Each structure stands twice: as C-alpha cells, then as structure tokens.
Amino acid sequence: MIYRNTIVLLLIIWSLLDCRLVSASNDKGDDGYFYNLSQLETVFEKLLQLEQNKSGKLNIVHIGDSHIQADMLTDAIRQILQSRFGNGGYGFTFPYSLAKTNGAGYVKYKSDAVWNSRRNIYPVTDVSIGLSGIGLYTNNPNLRIRVEADPLYAFNSVKVLSTTTEPGFEVSFSEEKFIPKENNSREEVVLSTKVERDNPMVKAHIVQRGETLYRIALNNNTSVDRLKELNGLQSNVIKTGMTIILPDDNKAEAVLEEPHPEEIKVIEPPAPKKQKEAGVLSGMYFTETKDTILTNIAFIDSKDKRPEYNLSGIVLENDKPGVVYHSIGVNGAKVSDYNKYPLFFKQLPVLNPDLVIISLGTNESFGKWSAPYYMDQLHQLVQNIKNTNPNAVILVTTPPPSLFRRKNPNEFIEGYREAMVQSKEYVVWDLLSRLGGINAPKGKTLSDMMARDKVHYTKDGYEEQGRLFATDFLTAYDRYVKNRRVH
C-alpha cells in the first residue's frame, strides 16, 4: 500500500513538473534561451513592417557596463540586424576620447577645448550626468568639437544632448566657425566683367554658415569641379563669408576683374525663419539639426556664453528606413549607478526606444551583491525606464560566466539568473546558459573567448556573444512571422 501511494505521489509530482516545463518552453525561443518571449511581439511586428514596407525606423537601446562601452558585442548585433532590416544610422555616440577612456571606433572626435569628465560610478556631486553615464564638461566659451563618422554611417541628422533644458550647443556642417557681423547683415557682391555683349554682369555667391561647396554646386545646377576651376580652388574647403563665382553656362565666359567698391551693396537680412524651416529643432535637453545631404563630418560649437557646458551625447542618423542600434556603456557601472541619476531617464526618450536591452550584473557580482538586492535594483531600473518610455519593451540579459581570482566559478550570477528567469516583468535572454553556465570558463570552450582575468572577454569573445544574441533573436522573429496570425 505504501509502495503504491509512493508511486502515485511521484506520478503527480512528475506531471506537475512536466506541465511547468511545457508551459515555460512555450514562451521560450527555439533553443530555450528566451523567457517571456511574447513581450517581444510588438518589436517583431515593427520589424516585419519595416522589412515588408521599407519605411520607418526601429530604435534599440542597449545599456550596460564595460562589456557594452567598447561597442564590440553591440556592434556585432548592429551589423547583423542592419544588414537585414536596413541601416537607419549609427545612433547614440559619445566622445569617449575627450573623456580619456575607450569607446567605439566608428565615430572620431577632436576638440580645441580641455574637457573634464566624471563617470556615474562615483558618488553624486554637482556634476550633472545624463544619458551617456559620463559627465563631460568644460567652461571654454569658444569650444568646438569635430565629429567624423565612418562613411558607412554618413548622416544628415545630428542631435546634441546637454544637461540643461535649454541646450548650450549648436551644430553646423561647415568647418568655419560662425562669427556674426555687428549689423547682422549679408553682403551680395556684383562683379564687373569683360564679356560679350549678352553677358555684362556675373553674380557671385557669399558663402553662408553651414554651406559646403557641394551644396552650392547642387543649388546652382553645376559641379564641384566647375566651381573649383572658376574660383581657383585646390580643395573643397570653403570659408564662411568667402566669395564664390557662379558659372552661367548660357552666357559667354567671363574675364573677372577686381570688384569696384561702389558695386558692393548691402542687402538687409530676411525675416528669421521658423526653426523647422531652418532645419533646427530644439527640445528638452537636446537640439537637432537636419540637412538634405548626407555627410560624415559635423561641428559642434557653444551656443552662447555660459559658466559651464556639459555634453550628454550625440545621436547620428540618416533619413533611410532601418534599425538604429544605440549603445550606452560605462566601465565599472552597476545597476544602482544608473538609478542614482534621474537625468538619464529624462533624456532616454530622445532616442525613441522601441526596445531597451539591459546587460549588467558582472560588477554587482564582484561586489558580492545578493540576488534579492540585485533584483531590487534591477526592478527600480526597469520601472524608471518604463516611467519615461511606457511603450518600450524591456529585455534583460543574464551576465556572462566569469571566475573569481581566475579559478573559482562566479556563483552570484547563477543566483541572479535564477531570479531573473522567474520574473514576468521583462524579456530575459539567458546568456549565462548560452555560454555553458558558471563552470564554462574552467573548460576549453571559452578559452579563446576570455581575457586573462577570466572576467572580461576578448574582442572575438564579445563579438561571438553579439552573434549568439542576434541568431537567437532572429530565430525567434522568423518563428513569429511564420506563426503570425493576421487579425
């Protein structure tokens, strides 16, 4: 009798466990590394519409620590997603070099100002820290930052984020700084020429702020080479206020003389245009400048005199449909470091996130955080993001495996993983299990992927993590499309 009851009890327990496993697997990816996968349906739907209609953008924001700051893992994901759904631009970028730290290689910065910086990992002071997780500030009123992107990420939209509601920066696509005249007037020069009878005059153009030789040629139905030939230019560099002779192909060729003083006339400036017409849009904590022509170089200048200029980041985009993959990482950062700066969450909506990915936990584990404390801080981070971005889907990755003192498995992250996969608050991608679990660093599988400290990973290691995520993500997406029901 006791034996029979025991058998019945075991069958009941097995039945319950089997139901639990089936229920969980129904909401996981094909390989079992996603949890709460159904929450990604709105993101998958946007990707499907993007893939079918070739219009719009999908914004993904990836937040993390040093694993993310270097942009190796995230760039691997970016390249795979953009190769399929389109390149919508590089997205969020930060002048890490000016802050004297490492960063991505796609965008390079130069500045004539001396900058100070402070990471969010330090105690809160009077230095404001926003979306980048790093406060970058100077008191130089004549500051200039040169931004040069890889041609792959040519842009015609630049957003500059600052820590004040009235942005202290402005953007131009011209190499020359704008120096306004005291009377704020423009000059139009009419040049006397020796020409045939049907061409007594030739009109010249005064280079305005932000103009390029290419743009002037385009607006006047000519070529850059023709303008260079007429004006004796050796390069494409032009300066604000410079006189450019415009060709008139319907008239005889002109032989130019020096202009006579009496032939220089001053034209009053037109009424100021609305910001939208001028291609400049200002909002809370940012200013945006747009152009009709793609470029890979822009200049950021101080807008007015202020005691301090604090830069939170830059967003580079184009006007093409596709994925924009924003990467935000800070060396040494923990979940609590992002939570302690409210400005981070106030500025996040500037990126219009559809999906926010959080990859943290390694630094917390080396700080011996308990799983309950980690989960409490993670819950705060997720809620802070949702409060300002209610339509964004949140996806959290479990930390990758690591070793204490290069020999002991990091059991703290296993505790984090167990707690995270039980949460219904967000999607979870189980990177820890994907890489083989907490004991994987002791074997040969990860030997070529990990750095000598057995905490960080090599470039190949981070890129492989990115490829694994992209593979699982696209597998889940393809399955969604295959099984999609049209309502």
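According to the UniProt record's numbering, the residues represented by the sequence shown are 1 to 487, in order.
Just so you know, even glycine gets a beta-carbon here, dropped at the ideal spot from N, CA and C.
On a predicted model such as this, the values are computed, not experimentally measured, just so you know.
Would you mind reading off the limits of the alpha helix (DSSP H) that contains residue i?
{"i": "residue 41", "result": "41-53"}
{"i": "residue 483", "result": "459-483"}
{"i": "residue 173", "result": "Counting along the chain, residue 173 falls outside any alpha helix (DSSP H), and DSSP gives it neither H nor E."}
{"i": "residue 224", "result": "224-231"}
{"i": "residue 405", "result": "Note, residue 405: premise wrong, no alpha helix (DSSP H); not H, not E."}
{"i": "residue 545", "result": "The chain is shown only over 1 to 487; residue 545 falls outside these bounds and no answer can be derived."}
{"i": "residue 385", "result": "371-388"}
What is the rounded straight-line gap between the Cα of residue i and the Cα of residue j?
{"i": "residue 318", "j": "residue 417", "result": "38 angstroms"}
{"i": "residue 204", "j": "residue 172", "result": "23 angstroms"}
{"i": "residue 68", "j": "residue 403", "result": "19 angstroms"}
{"i": "residue 434", "j": "residue 43", "result": "22 angstroms"}
{"i": "residue 429", "j": "residue 50", "result": "23 angstroms"}
{"i": "residue 482", "j": "residue 38", "result": "14 angstroms"}
{"i": "residue 498", "j": "residue 217", "result": "With the chain covering 1 to 487 only, the question about residue 498 has no answer from this structure."}
{"i": "residue 33", "j": "residue 437", "result": "12 angstroms"}
{"i": "residue 390", "j": "residue 82", "result": "25 angstroms"}
{"i": "residue 485", "j": "residue 479", "result": "12 angstroms"}
{"i": "residue 100", "j": "residue 48", "result": "41 angstroms"}
{"i": "residue 132", "j": "residue 243", "result": "41 angstroms"}
{"i": "residue 192", "j": "residue 247", "result": "Any reading at residue 192 needs caution, since the residue's pLDDT is 32, under 50, leaving its predicted position unreliable; the model's value is listed next. Using only the alpha carbons, I get a separation of about 14 angstroms."}
{"i": "residue 386", "j": "residue 392", "result": "7 angstroms"}
{"i": "residue 395", "j": "residue 340", "result": "21 angstroms"}
{"i": "residue 367", "j": "residue 65", "result": "14 angstroms"}
{"i": "residue 76", "j": "residue 466", "result": "5 angstroms"}
{"i": "residue 238", "j": "residue 476", "result": "51 angstroms"}
{"i": "residue 346", "j": "residue 222", "result": "46 angstroms"}
{"i": "residue 312", "j": "residue 168", "result": "11 angstroms"}
{"i": "residue 425", "j": "residue 375", "result": "11 angstroms"}
{"i": "residue 445", "j": "residue 361", "result": "22 angstroms"}
{"i": "residue 324", "j": "residue 80", "result": "12 angstroms"}
{"i": "residue 126", "j": "residue 298", "result": "30 angstroms"}
{"i": "residue 472", "j": "residue 413", "result": "21 angstroms"}
{"i": "residue 113", "j": "residue 300", "result": "12 angstroms"}
{"i": "residue 353", "j": "residue 231", "result": "47 angstroms"}
{"i": "residue 124", "j": "residue 342", "result": "11 angstroms"}
{"i": "residue 450", "j": "residue 439", "result": "13 angstroms"}
{"i": "residue 250", "j": "residue 207", "result": "Bear in mind that the predicted position of residue 250 carries a pLDDT of just 45, short of 50, making it too unreliable to give a figure here."}
{"i": "residue 40", "j": "residue 106", "result": "29 angstroms"}
{"i": "residue 310", "j": "residue 164", "result": "8 angstroms"}
{"i": "residue 457", "j": "residue 358", "result": "18 angstroms"}
{"i": "residue 260", "j": "residue 110", "result": "Residue placement at residue 260 cannot be trusted, given a pLDDT of 38 that sits under 50; what the coordinates show is reported in the next sentence. Distance between the alpha carbons of residue 260 and residue 110: 41 angstroms."}
{"i": "residue 448", "j": "residue 442", "result": "12 angstroms"}
Quick check on residue i: does DSSP put it in helix, strand or coil?
{"i": "residue 360", "result": "coil"}
{"i": "residue 494", "result": "Limits of the chain in this structure are 1 at one end and 487 at the other, which puts residue 494 out of reach."}
{"i": "residue 96", "result": "coil"}
{"i": "residue 335", "result": "helix"}
{"i": "residue 456", "result": "coil"}
{"i": "residue 415", "result": "helix"}
{"i": "residue 294", "result": "strand"}
{"i": "residue 306", "result": "coil"}
{"i": "residue 348", "result": "helix"}
{"i": "residue 217", "result": "helix"}
{"i": "residue 343", "result": "helix"}
{"i": "residue 258", "result": "The predicted model places residue 258 with a pLDDT of 37, which falls under 50 and marks its position as unreliable, so this point remains unresolved."}
{"i": "residue 184", "result": "Low per-residue confidence applies at residue 184: pLDDT is 37, beneath 50, and the placement is therefore not dependable, though the value from the model is reported in the following sentence. Of the three classes helix, strand and coil, the one that applies to residue 184 here is coil, per DSSP."}
Starting from residue i, follow its DSSP beta bridges and name the residues at the other end.
{"i": "residue 159", "result": "288 and 315"}
{"i": "residue 34", "result": "429"}
{"i": "residue 91", "result": "316"}
{"i": "residue 367", "result": "Looking at the DSSP assignment, residue 367 forms no beta bridge with any residue, so it has no partner."}
{"i": "residue 67", "result": "Per DSSP, none; premise fails for residue 67."}
{"i": "residue 237", "result": "According to DSSP, which records beta bridges pairwise, residue 237 is partnered with nothing at all."}
{"i": "residue 204", "result": "245"}
{"i": "residue 144", "result": "301"}
{"i": "residue 435", "result": "According to DSSP, which records beta bridges pairwise, residue 435 is partnered with nothing at all."}
List the endpoints of the continuous beta strand (DSSP E) containing residue i.
{"i": "residue 154", "result": "It is not in any beta strand (DSSP E) - residue 154 carries neither H nor E in the DSSP assignment."}
{"i": "residue 395", "result": "393-397"}
{"i": "residue 245", "result": "243-245"}
{"i": "residue 83", "result": "No beta strand (DSSP E) holds residue 83; the alpha helix (DSSP H) holding it covers 73-85."}
{"i": "residue 322", "result": "322-329"}
Any chance you could list the beta strand (DSSP E) runs of at least 3 consecutive residues sitting entirely within the region 99-140, in chain order?
-> 107-111, 116-119 and 134-138
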